[in-house]
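Visitor:
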Amino acid sequence: MNTGKIVDTKIVNEDSEKSFQMSLNIVITEMQEKGLQVELKYQPLVRVSGTIKHMALVIGRNEY
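Take 132 as the starting number for the sequence shown in this note's numbering and just add one per residue.
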C-alpha cells in the first residue's frame with residue numbers, strides 16, 4: 132500500500148492474544164472512520180520467559 136501521507140500512528144501492545152485482537156480492531160476501526168487507509172506492521176516478541184508479547188504499529192494514511 133504505502134501511498135498517501137501518514138497522518139496517524141498507534142502502537143498496540145498486549146500480552147494476551149484476545150486483548151491484542153480487541154485493541155487492534157478498535158484502533159483500525161477508529162482510523163477507518165476517519166477515512167484513512169490502514170497499514171499494519173505486526174511483530175510478535177518472545178520474552179526470555181517464553182511468553183509472547185503481541186505488538187503492532189498501525190499506520191493511517193490519507194489518500195493523497
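Even for Gly, the Cβ is constructed at its ideal location relative to N, Cα and C.
Pull up the CB-CB distance for residue 134 and residue 189, whole angstroms please, since I reckon it's below 8 Å.
Guide: Walking along the sequence shown from the start, residue 134 turns up at place 3. Walking along the sequence shown from the start, residue 189 turns up at place 58. Contact flag wrong, Cβ pair sits at about 17 Å.
Visitor: Mind checking residue 191: buried by the 16 CB within 10 Å criterion, or exposed?
Guide: Within the sequence shown, the letter at position 60 stands for residue 191. Classification for residue 191: buried.
Visitor: On the three-state DSSP scale, how would you describe residue 100?
Guide: The chain is shown from 132 up to 195; residue 100 falls before or after that span and cannot be answered.
Visitor: Is it buried or exposed for residue 179, if we count other Cβ within 10 angstroms and need 16 for buried?
Guide: As a position in the sequence shown, residue 179 is number 48, starting the count at 1. It counts as exposed.
Visitor: How would you call residue 153, buried or exposed, if buried means at least 16 neighbouring beta carbons within 10 angstroms?
Guide: If you number the sequence shown from 1, residue 153 lands on position 22. With fewer than 16 other Cβ atoms within 10 Å, it is exposed.
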